[in-house]
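My numbering runs 14 ahead of the 1-based position in the sequence shown.
Working notes, beginning with the structure itself.
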Amino acid sequence: MVKTTKTKTYDTATATVVKKVTAGVFGDPAGYETTMYVTPEGDYFLYTYGGAQSGYSTEKITAYTKANAKKWLEEN
15 MVKTTKTKTY DTATATVVKK VTAGVFGDPA GYETTMYVTP EGDYFLYTYG GAQSGYSTEK
75 ITAYTKANAK KWLEEN
């Protein structure tokens with residue numbers, strides 16, 4: 015998935031996975047996946063996607079500051 019802002023592009027195909035968290039199993043309507051990535055430029059983003067009954071039913075990329083990424087990593 016790719017998300018482009020005015021100044022940055024976040025691409026799951028070219029970024030490096032830092033940590034992946036999954037809940038449930040494939041096909042579980044309440045299951046979801048969250049993955050923290052870092053781009054080659056050092057920018058962090060979170061990719062989220064899940065079943066229709068999860069909190070992540072829409073595929074999404076959210077930009078994170080380095081401090082917020084560190085906090086997310088410590089909590090997950």
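All C-beta atoms, glycine included, are put in the ideal place defined by N, C-alpha and C.
DSSP three-state assignment for residue i, whether helix, strand or coil
i, result
"residue 74", "strand"
"residue 88", "helix"
"residue 17", "strand"
Burial state of residue i (16 or more Cβ within 10 Å)
i, result
"residue 15", "exposed"
"residue 48", "buried"
"residue 83", "buried"
"residue 64", "buried"
C-beta contact flag for residue i and residue j at 8 Å
i, j, result
"residue 46", "residue 61", "no"
"residue 80", "residue 58", "yes"
Host beta strand (DSSP E) of residue i (start-end)
i, result
"residue 37", "30-37"
"residue 64", "58-64"
"residue 48", "46-52"
Residues of its chain near residue i, where Cβ-Cβ distance is below 6 Å and the 5 sequence neighbours each way are ignored
i, result
"residue 77", "59"
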